[in-house]
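>
Number of protein chains: 2
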Amino acid sequence: MLLSKAQIKLITGLHQKKYRNKTGLFLAEGPKVVRELLNSGLQLHSLLTTDDISKWPNGTLQVSDTELKKLSALKNPGTTLGIFYIPDPVEARVDGLVLALDAVRDPGNLGTLIRLADWYGISSIVCSEDTADCFNPKVVQATMGSIARVRLHYLNLREFLNHCPNPVYGGYMDSDSVYSTTLSENAVLVLGNEGQGISDEVSQVIDHRISIPRFGENGTTESLNVATAGAILINEFRRPTGR
Amino acid sequence: MLLSKAQIKLITGLHQKKYRNKTGLFLAEGPKVVRELLNSGLQLHSLLTTDDISKWPNGTLQVSDTELKKLSALKNPGTTLGIFYIPDPVEARVDGLVLALDAVRDPGNLGTLIRLADWYGISSIVCSEDTADCFNPKVVQATMGSIARVRLHYLNLREFLNHCPNPVYGGYMDSDSVYSTTLSENAVLVLGNEGQGISDEVSQVIDHRISIPRFGENGTTESLNVATAGAILINEFRRPTGR
C-alpha cells in the first residue's frame, strides 16, 4: 500500500531529535532490533515491512523496498522499520555501578556503550546534555535492542556527580593504573568525549582518575577508542577480584 | 597540479585487494594516520595533500579537494593521502600472546583489534585467509597508525593452530567463564566471525573455550561485538593477576 504524505513526513521527521522530542516517538530499524524492542514491551506506534506481514503484529504495513529506503535513516535499511513511543522518564539510579558519559558524540560508540551496559547489568547511564541522543536511529541500531533495557538520563553532569553519594572514577589517558586502584562496588564511571576526553568542568568533580596502562614498548600508540576503553574499564569494575 | 590518468588509475586501483597485491602498495588516508606511518619508518611511495605541502616531505603533490575526493576510498576523506609499500612478510611469532582471527570481516572491527593489539604489545596477529585484508583503506584508517607496528599473517588458521606449541583459547558465547580459567602467558587467543563465531573447523583445534559472563539478569542481550569482546579478553590475558 502507498503511504500518505503525512506518514512519510512523520517518519522522516523522526531522523531529527527536535521532532522526536516533539512527538515522543523514535525509529528502530532492522528486523532484529525491532523484534527485540517488541519483546521487551516497548509501546509500538506503527510498523512497516517489506517482509511477509504475517510474521509481524496485526496492523503492520506492507511497503516496497523503494518506500522503505526513502524512510530509512541508515545506509543499509533492513526489511523492517518500527516507530515506538519513547518511554517515560524515570529517576536515575545511583546504587551499584553507574556509567556517566561526558559528550560522547559518535552514535556507534554510544550504541556500543549501551549494549555493554546491558551485558554487565548496568541499568542507568547518565549523560551530559551534549552527549549524542540515544534515540538517534543509528544509536538505536547499534544497541541491537539493548536500548529497551538501559535507561539514559540527560542532565547537568557536573551537578549530578557533585551530589552523588558514591565515589566518582574517570577514565583518562595517563593517570593511575586501573589495576592498582581500589574499585568500589557502588560507583560512577565517567567516560569522556572521543577527541577531548573528560571536560575540565567535569574533571573537577572526579575523585579517582584511572587509566588502562599501555603494554606496548611504543609510546606513540593512539589512545584506545572510548567504546573499547569503556569495555575494559567496566569489566574491571564488574569482574570478580583476586583471581 | 593535475594528476595524470595513470596516477589516478594507480590510486583508485588500490581500493581493491587484487591490485594492492599486484603492486605491493596500499593507501593510507587522513593526516594523522599518514603522519604515524611516516614516523614509523614505512616506505613511502607518494603523498598527496590539499594542505600546505611545506608541512610534508619533499615531493608531496598538491591536489584540490575535488581531486582528493575522487581518489579516496572513504566517505570523509581527510586532507592527505599516502601511498606506502606493503612491508615484506615475516614469520609469525609464537611467543607471548598471539591474537588469531577466524573470518573477522568488518573493516572497523579489524582496525580496532589491530589498535588494541598495539596497545597491549601484541606484535603478531594470525588470520584465516577469509579475514578482511589489513591493507583495506578502511582498516588502515581504523588502526590510527597501529598497522605500522602490528604484523598480520594470513594463513591456514587450523594448520597454524594445530602446530602451535602454546595453548589455544577461543572466545565463545556460552562456555567457561574467563574469570575462572587459568590463562597462560604464552598463548593464542582466537576470535571468530561477527555472525558465526569461530568456525567448526577451527573449533576442533581449540584447547580452552572461554566466555565473558553476562551480568544482566536479562538473557536476551545480543552477544558483544567481536572488537568489544576482544578488548575484554585481551585485557584478561594481559592484566596483572590477583588484584
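For the protein sequence lines, the chains are A and B, in the order given.
Quick note on this note's numbering: the first sequence kicks off at 1 and runs consecutively.
Quick note on this note's numbering: the second sequence kicks off at 1001 and runs consecutively.
C-beta atoms are modelled at their ideal positions from N, C-alpha and C, and glycine is treated no differently.
(1) From what residue to what residue does the beta strand (DSSP E) around A:G82 run?
(2) Rounding to the nearest angstrom, what Cα-Cα distance links B:R1035 and B:K1022 in this structure?
(3) Would you mind reading off the limits of the beta strand (DSSP E) that contains A:F215?
(4) What is the DSSP secondary structure of B:A1103, reduced to helix, strand or coil?
(5) Go ahead and pull the three-state DSSP assignment for B:Y1120.
(6) How far does the alpha helix (DSSP H) with B:G1034 in it reach, from first residue to last?
(7) Counting along the chain, where does the alpha helix (DSSP H) carrying B:L1068 start and finish?
(8) Do B:S1046 and B:L1061 come within 8 Å of each other at the CB atom, strictly closer than that value?
(9) To which residues does DSSP link B:Q1062 through a beta bridge?
(10) Can you tell me which residues form a DSSP beta bridge with B:C1127?
(11) Taking B:W1056 as the query, report the chain A residues whose CB atoms sit under 8 Å from its CB, ordered along the chain.
(12) B:A1100: which of B:I1122, B:I1011, B:I1232 and B:S1040 sits nearest, CA to CA?
(13) Would you tell me roughly how many angstroms separate the C-alpha atoms of A:Y179 and A:I8, rounded to the nearest one?
(14) So, for A:D174: in the same chain, excluding its five sequence neighbours on each side, which residues have a beta-carbon less than 8 Å away from its beta-carbon?
(15) Just to make sure I have the definition right: I need the residues of chain B whose C-beta is within less than 9 Å of the C-beta of A:A227. Which are they?
(16) Look at the alpha carbon of B:E1222 and the alpha carbon of B:S1040, and state the distance between them as a whole number of angstroms.
(17) When you compare each of A:A92, A:K69 and A:E236 to A:S177 by their alpha carbons, which one comes out closest?
(18) To the nearest angstrom, how far is it from the Cα of B:F1026 to the Cα of A:Y120?
(19) Taking A:G24 as the reference, give the member of A:F135, A:N109, A:E194 and A:V126 with the closest Cα.
(20) What residue does the beta strand (DSSP E) around B:S1177 start on, and which one ends it?
(21) So, helix, strand or coil for B:L1014, using DSSP?
(22) At 7 Å on the CB atoms, spell out the chain B contacts of A:M144, in chain order.
(23) Name, please, each residue of chain B whose Cβ falls closer than 9 Å to the Cβ of A:G192.
(24) List the residues that DSSP assigns as beta-bridge partners of A:C94.
(25) For a test of the three-state rule: what should DSSP assign to A:N235, helix, strand or coil?
(26) Give me whichever residues DSSP pairs with B:A1028 in a beta bridge.
(27) Which residues in chain B have a C-beta closer than 9 Å to the C-beta of A:F215? List them in chain order.
(28) Hey, B:S1128 and B:A1092: beta-carbon distance below 8 Å or not?
(29) Are the C-beta of B:H1015 and some C-beta of chain A separated by less than 8 Å?
(30) Within its chain, find whatever has a CB closer than 8 Å to the CB of B:D1299; leave out the 5 residues flanking it on each side and keep chain order.
(31) List the residues that DSSP assigns as beta-bridge partners of B:G1197.
(32) Take the Cβ of A:K75 as the centre, count every other Cβ of all protein chains shown within 10 Å, and call the residue buried at 16 or more, exposed below.
(33) Note down, in chain order, every chain B residue with its Cβ under 9 Å from the Cβ of A:N235.
(34) Relative to the C-alpha of B:G1096, which residue among B:E1067, B:V1168, B:S1146 and B:P1087 is closest?
(35) Taking A:V139 as part of the alpha helix (DSSP H), name the residues at either end of that continuous run.
(36) Compute the Euclidean distance between the alpha carbons of A:V139 and B:Q1043, then round it to the nearest angstrom.
By the coordinates alone:
(1) Here residue 82 of chain A is taken as the residue at index 82 of the first sequence, counted from 1. Start and end: T80 to Y85.
(2) Here residue 1035 of chain B corresponds to residue number 35 of the second sequence, with the count starting at 1. Here residue 1022 of chain B corresponds to residue number 22 of the second sequence, with the count starting at 1. Taking the straight line from one Cα to the other gives about 25 Å.
(3) Your numbering for residue 215 of chain A matches position 215 in the first sequence. Unbroken run through A:F215: none, as it is neither H nor E.
(4) Taking the second sequence and counting its residues from 1, the one referred to as residue 1103 of chain B is at position 103. Residue state, collapsed to three classes: coil.
(5) For this step, residue 1120 of chain B is matched to residue 120 along the second sequence. Of the three classes helix, strand and coil, the one that applies to B:Y1120 here is coil, per DSSP.
(6) Your numbering for residue 1034 of chain B matches position 34 in the second sequence. The identity of residue 1034 of chain B in the sequence shown is Val, whereas the question assumes Gly. From DSSP, the alpha helix (DSSP H) with B:V1034 extends over P1031 to N1039.
(7) By one-based count along the second sequence, residue 1068 of chain B stands at place 68. Residues D1065 to L1071.
(8) Here residue 1061 of chain B is taken as the residue at index 61 of the second sequence, counted from 1. Here residue 1046 of chain B is taken as the residue at index 46 of the second sequence, counted from 1. A contact, by the Cβ cut-off of 8 Å.
(9) Here residue 1062 of chain B refers to the residue found at position 62 when the second sequence is read from its first residue. Note: B:Q1062 sits in a beta bridge opposite B:T1049.
(10) Here residue 1127 of chain B corresponds to residue number 127 of the second sequence, with the count starting at 1. Partner(s): B:L1101 and B:Y1154.
(11) Your numbering for residue 1056 of chain B matches position 56 in the second sequence. Correct list: empty, because the minimum Cβ distance to chain A is about 18 Å.
(12) As a working mapping, residue 1100 of chain B is identified with position 100 in the second sequence. B:A1100 has its Cα closest to that of B:I1122, out of B:I1122, B:I1011, B:I1232 and B:S1040.
(13) By 1-based counting over the first sequence, the position of residue 179 of chain A is 179. By 1-based counting over the first sequence, the position of residue 8 of chain A is 8. Approximately 52 Å, taken between the alpha carbons.
(14) Here residue 174 of chain A is taken as the residue at index 174 of the first sequence, counted from 1. Here the set comprises S211.
(15) For the purposes of this step, residue 227 of chain A is taken as residue 227 along the first sequence, with counting starting at 1. Going along chain B in sequence order, the residues near A:A227 (Cβ under 9 Å) are T1112, N1225, A1227, T1228 and A1231.
(16) Within the second sequence, numbered from 1, the residue matching residue 1222 of chain B stands at position 222. Within the second sequence, numbered from 1, the residue matching residue 1040 of chain B stands at position 40. Those two C-alpha atoms are separated by around 39 Å.
(17) Here residue 177 of chain A refers to the residue found at position 177 when the first sequence is read from its first residue. For A:S177, the nearest C-alpha among the options comes from A:E236.
(18) Walking along the second sequence from the start, residue 1026 of chain B turns up at place 26. Walking along the first sequence from the start, residue 120 of chain A turns up at place 120. Taking the straight line from one Cα to the other gives about 39 Å.
(19) Translated into positions along the first sequence, residue 24 of chain A becomes position 24. Among A:F135, A:N109, A:E194 and A:V126, the Cα nearest to that of A:G24 is on A:F135.
(20) On the second sequence, residue 1177 of chain B is found 177 positions in, with the first residue counted as 1. Its beta strand (DSSP E) spans residues V1168 to S1177.
(21) For the purposes of this step, residue 1014 of chain B is identified with residue 14 of the second sequence, where counting begins at 1. Reduced to three states, the DSSP call for B:L1014 is coil.
(22) Within the first sequence, numbered from 1, the residue matching residue 144 of chain A stands at position 144. Correct list: E1222.
(23) Residue mapping note: residue 192 of chain A aligns to position 192 of the first sequence, counting from 1. Residues of chain B passing the Cβ test: none, with the nearest at roughly 17 Å.
(24) The residue you call residue 94 of chain A lines up with position 94 of the first sequence. Per the sequence shown, the amino acid found at residue 94 of chain A is Val instead of Cys. Answer is none; A:V94 lacks a bridge partner.
(25) Here the question's residue 235 of chain A lines up with position 235 in the first sequence. Of the three classes helix, strand and coil, the one that applies to A:N235 here is helix, per DSSP.
(26) To locate residue 1028 of chain B, count along the second sequence from 1; it is residue 28. In DSSP, B:A1028 forms a bridge with B:G1082.
(27) To locate residue 215 of chain A, count along the first sequence from 1; it is residue 215. Residues of chain B passing the Cβ test: W1119, Y1120, G1121, I1122 and R1238.
(28) Indexing the second sequence from 1 puts residue 1128 of chain B at position 128. Indexing the second sequence from 1 puts residue 1092 of chain B at position 92. For B:S1128 and B:A1092, no; Cβs fall outside 8 Å.
(29) Working through the second sequence from its first residue, we reach residue 1015 of chain B at position 15. Cβ-Cβ to chain A under 8 Å: no for B:H1015.
(30) Residue coverage of chain B in this structure runs from 1001 to 1243, which leaves residue 1299 of chain B outside it and unanswerable.
(31) Sequence index remark: in the second sequence, residue 1197 of chain B carries index 197 (1-based). In the DSSP output, where bridge partners are listed per residue, B:G1197 has B:N1193.
(32) On the first sequence, residue 75 of chain A is found 75 positions in, with the first residue counted as 1. By the 10 Å Cβ count, A:K75 comes out exposed.
(33) Your numbering for residue 235 of chain A matches position 235 in the first sequence. What A:N235 touches in chain B: I1212, A1231, I1232, N1235 and E1236.
(34) On the second sequence, residue 1096 of chain B is found 96 positions in, with the first residue counted as 1. Cα-wise, what sits closest to B:G1096 is B:V1168.
(35) Taking the first residue of the first sequence as 1, we reach residue 139 of chain A at position 139. Its alpha helix (DSSP H) spans residues P137 to T143.
(36) For the purposes of this step, residue 139 of chain A is taken as the residue at position 139 of the first sequence. For the purposes of this step, residue 1043 of chain B is taken as the residue at position 43 of the second sequence. Each residue's alpha carbon lies about 39 Å from the other.
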